[in-house]
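Some notes on the structure that comes next.
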Amino acid sequence: MVTDVQQACFEAGIKFGSLYHQFAGTPVSPRSARSLERAMAEAIENQPYCESVVVRIDDDAVREAIDHENGYTELTGRLMEVEMRVGYADTSVQTRMEMEDGYPLMKLVDVADGDADADGDANASDE
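Using the working numbering, you'd call the opening residue of the sequence shown number 48 and step up by one each time.
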């Protein structure tokens, strides 16, 4: 049987995959970055169990990536930071995207299981 912690981690992965693969390649400029950040966060926050999404697009990195006179580049993982919180049952999962060897990887930052005590024992007694 799948645990609540496993399901919460799965849900976080689904949200990150959806966010990245839905928006990678979107035209972005420093002028459009804030509206794109909001659109990305709001789109993913619609999904079940998603509690919060923060997307930050680095304007300086976007400017550096523009290599033609049209004033925009394509959104990639190296141009943004993403943090997400997903809640499932009594579990809260914190995630973020980090660049590793030039590749954007989604990482688990913290998993808090409301059914566990301070030692991590599920269903432990507080006696």
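Beta carbons: idealized from backbone N, C-alpha and C, even for Gly.
Just so it is clear, the structure is predicted and the values come from calculations on it, not from any experiment.
Closest by C-alpha distance to I104, out of P95, T138, E98, L122, is L122. Between the alpha carbons of P77 and M146 lies a distance of about 21 Å. With a cut-off of 8 Å on Cβ pairs, the stretch 93-104 is in contact with the stretch 125-138, counting three or more such pairs.
The Cβ-Cβ distance between V109 and A55 does not fall below 8 Å.
Judged by their CB atoms, T138 and V52 are nearer to each other than the 8 Å cut-off.
R143 sits in a strand when the DSSP states are folded into three classes. Take V75, set aside five residues on each side of it, and the residues of its chain with a beta-carbon closer than 8 Å to its own are L83, I104, V109, Y119, T120, E121, L122, L126, in chain order.
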